[in-house]
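Heads up: the structure comes next, in structure tokens.
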Amino acid sequence: MAAAELKTQPSQPSSAPKRSAKRVADSQMGIDDLSASATPASKRECPSPAAVASPGTESKYKVVVKPRECFDVSKLSNRLLQSAFDTCLKTTAFQGFSIHHPTNSVSVWVRSLADVDRLTHLQTLPVTADCTVQVQAYLSSGSDLRRYVVSGVDPGESPEGLITALTCSTHKIVTARYMGRGRTCLVTLQGPRTPPSRITYYGCILKFHVYKPGVVHCYRCFRTSHMRDSCPQPADTSMESVETRTYKCGLCQTDDHEITSKDCPVKQKALKARRQRKRRQRSVTQEERDADIPTSNRFELLSPSEEDTPALVEPENACYEVPTYSDAVKRGKKRVQQPANTPKLSVTGTDDLAKLDQQIQQLQMEVKRLAQRRTHLARPAGPTAMRGTDVPYAASVPELSSASAPVKMTPAELLHFVARQLQELSKDSLLVHKETLRRSTRALIPPRGSDLPGGLTRREEVALRRIRVGAALTPAIRATWTSGAQPPPTTCPFCVAPATEATLDHLLGTCPGLHQARTRHLRGLHHHPGRPPDLTRWTHVNGIDNHRRPTSLKSQYLKNPIGCR
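And the structure:
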């Protein structure tokens, strides 16, 4: 019962990966605080089953026993294993071992290094009463043990010679063995958790670092946590015997080509479309980019264009001078410092010159119209801003001075200059238009005045506003509260006979005393021809006369409002 319970408890530490060194299985030994962040928790700590079951009887060291041949340790009998450990450790009913299926090994937890020395001499484990299996046992981890990799030792030393030659002033060297065939060895130290100050080998100070276990791979079953020599599977796993499924291309859903091949028709179509798109983007000539001439209407004309105005048409027989490669390279370097030179445009023929002059004249007229528009929008808003009917509108607009434009300009430079002027005028006119709208809307909105009469204090104004919205606790509202608290009368208060029941039909149809009481109260009211008929006429501005307003608002009812405190 106790053995079965111990077998299920150390299942968590059994998931730790094994060492990749020769003749080494798993290692779950803790390391120093300096490397705690780089090593998983499963490799830094290895709680024993005894520590989990009873904290008072903690097992400090773990010894790993693994087979030397291809044998599955899960087939071993727990009763025979306990007998073998009792014989080796000289105990009775030993408790503290567990079988690890991923690593194909047996972990044994003991309390002293003397028990570790006894277990390392264990050579065989009984499978049955007549059959045994060859095993090897070694110290894996401990609560006060740390492992370090030391470089620079002499090759060919025995384990006992390494332990004798290696010295440390702060820790005790427990075990030492070579890692491969080089000059590196794995040293197990016993002592505090702090790293040692230095490790010497025959008086020579050697370099060392914390040992970090790696993942062990088996090349027989292609799994982890154990090596090929201790694999429980007797035969090698063949990857070629397993039939794999046929994979199809995710783009064309066919299997006639590889998934990453460029022969896919869908991929070829996409590449072709991409090349065509780049070819269209490179269709703009280098000369047009260097000239920086606006070929499209990138600004908005403020005045409508005439229908009979011919469009700007480039002459058919215009010849452009193509720059050489060296000039283009020099122009590209100087583009940041100075603007690019405009290509020279040579026009042949008298008709072409006449068309070009006509286009220049039309652009100048457009500049004049934009200047007139700008001057009109810059005028201040108001009723006096209207111009007279006898003064022409164009007379108030100054002419475009010829000094603003260069005198000697080529036709292409003149077109570029006019386009820039139109763009600047459109921006300025937009700002002027926004300012004009702001001024006009400011004059249209009247200032908000107060509808309360003057001469009232702050307390009286608050009381008046509360009475208007029905938030004040007036005497009429208090009367409704007091009347609701009293039970309604069961007999009619207007009739002489006391036994008459006060029903709705009696009060509205057959009660003679109600009409008499209503007439008596109406006659008792003091009628005045200028008296407002309701509360709205009393409190609002339109219903109160100027000479009566202060008197009505400053009455005792407003000076001492019940709900305005």
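Note that numbering that gives the first Met the number 0 has the sequence shown beginning at 0, numbered continuously upward. Glycine included, C-beta positions come from ideal geometry on N, C-alpha and C.
Work out the CA separation of residue j and residue i for me, nearest whole Å.
{"i": "valine 62", "j": "valine 72", "result": "15 Å"}
{"i": "histidine 256", "j": "tyrosine 246", "result": "10 Å"}
{"i": "threonine 90", "j": "phenylalanine 84", "result": "8 Å"}
{"i": "isoleucine 635", "j": "valine 148", "result": "Absent from the structure is residue 635, since the part of the chain shown begins at 0 and ends at 564."}
{"i": "tryptophan 480", "j": "arginine 437", "result": "55 Å"}
{"i": "valine 468", "j": "histidine 520", "result": "29 Å"}
{"i": "glutamate 350", "j": "glutamine 358", "result": "It should be pointed out that residue 350 corresponds to aspartate in this sequence rather than to glutamate. Their backbone Cα atoms lie some 13 Å apart in a straight line."}
{"i": "aspartate 504", "j": "isoleucine 476", "result": "27 Å"}
{"i": "threonine 374", "j": "valine 431", "result": "9 Å"}
{"i": "threonine 502", "j": "alanine 478", "result": "23 Å"}
{"i": "leucine 301", "j": "phenylalanine 416", "result": "Residue placement at leucine 301 is flagged as unreliable, the pLDDT there being 45, under the threshold of 50; a coordinate-derived value is accordingly withheld."}
{"i": "alanine 462", "j": "alanine 471", "result": "7 Å"}
{"i": "leucine 369", "j": "threonine 409", "result": "24 Å"}
{"i": "aspartate 116", "j": "alanine 136", "result": "10 Å"}
{"i": "isoleucine 98", "j": "tryptophan 108", "result": "12 Å"}
{"i": "alanine 158", "j": "cysteine 69", "result": "According to the sequence as given, residue 158 is proline; it is not alanine. Going by the C-alpha atoms only, they are around 27 Å apart."}
{"i": "proline 492", "j": "threonine 473", "result": "27 Å"}
{"i": "glutamine 133", "j": "arginine 67", "result": "6 Å"}
{"i": "glutamine 275", "j": "threonine 323", "result": "28 Å"}
According to DSSP, is residue i helix, strand or coil?
{"i": "threonine 166", "result": "strand"}
{"i": "leucine 144", "result": "strand"}
{"i": "threonine 123", "result": "strand"}
{"i": "lysine 271", "result": "helix"}
{"i": "proline 624", "result": "Lying before the first or after the last residue shown, residue 624 is absent from the chain, which here runs from 0 to 564."}
{"i": "glutamine 371", "result": "helix"}
{"i": "proline 158", "result": "helix"}
{"i": "histidine 225", "result": "coil"}
{"i": "isoleucine 204", "result": "strand"}
{"i": "lysine 42", "result": "Because lysine 42 sits at a pLDDT of 44, beneath the cut-off of 50, its placement in the model cannot be relied upon, and the following sentence gives the value as read from the coordinates. Lysine 42 falls in the helix class under three-state DSSP."}
{"i": "lysine 277", "result": "helix"}
{"i": "lysine 247", "result": "coil"}
{"i": "threonine 90", "result": "coil"}
{"i": "valine 431", "result": "helix"}
{"i": "valine 209", "result": "strand"}
{"i": "serine 325", "result": "helix"}
{"i": "isoleucine 258", "result": "coil"}
{"i": "threonine 456", "result": "coil"}
{"i": "valine 149", "result": "strand"}
{"i": "serine 111", "result": "coil"}
{"i": "serine 425", "result": "helix"}
{"i": "lysine 61", "result": "strand"}
{"i": "serine 76", "result": "coil"}
{"i": "serine 139", "result": "strand"}
{"i": "aspartate 129", "result": "coil"}
{"i": "leucine 436", "result": "helix"}
{"i": "serine 82", "result": "helix"}
{"i": "glutamine 232", "result": "coil"}
Within 10 Å of its beta-carbon, does residue i have 16 or more other beta-carbons around it, so buried, or fewer, so exposed?
{"i": "methionine 364", "result": "exposed"}
{"i": "threonine 253", "result": "exposed"}
{"i": "valine 214", "result": "exposed"}
{"i": "leucine 270", "result": "exposed"}
{"i": "threonine 102", "result": "buried"}
{"i": "lysine 277", "result": "exposed"}
{"i": "threonine 308", "result": "Because threonine 308 carries a pLDDT of 46, less than 50, the predicted location of this residue cannot be relied on, and the following value inherits that uncertainty. Exposed: under 16 other Cβ atoms inside 10 Å."}
{"i": "valine 152", "result": "buried"}
{"i": "isoleucine 258", "result": "exposed"}
{"i": "tyrosine 201", "result": "exposed"}
{"i": "aspartate 326", "result": "exposed"}
{"i": "phenylalanine 93", "result": "buried"}
{"i": "tyrosine 210", "result": "buried"}
{"i": "aspartate 262", "result": "exposed"}
{"i": "glycine 565", "result": "Since the first residue of the chain shown is 0 and the last is 564, residue 565 is not available in this structure."}
{"i": "arginine 419", "result": "exposed"}
{"i": "glycine 95", "result": "buried"}
{"i": "lysine 65", "result": "buried"}
{"i": "aspartate 114", "result": "buried"}
{"i": "cysteine 203", "result": "exposed"}
{"i": "threonine 123", "result": "exposed"}
{"i": "alanine 234", "result": "exposed"}
Counting only beta-carbon atoms, is residue i nearer than 8 Å to chain B?
{"i": "glutamate 159", "result": "Judged by its chain identifiers, the structure shown contains no chain B, having just a single protein chain."}
List the DSSP bridge partners of residue i.
{"i": "threonine 174", "result": "Thr187"}
{"i": "tryptophan 480", "result": "For tryptophan 480, which the question treats as bridged, DSSP gives no partner whatsoever."}
{"i": "serine 104", "result": "His99"}
{"i": "proline 66", "result": "Val134"}
{"i": "histidine 216", "result": "Thr223"}
{"i": "threonine 199", "result": "Thr166 and Ile204"}
Q. Unbroken beta strand (DSSP E) runs of length 3 or more, entirely within the region 487-513: which are they?
A. none
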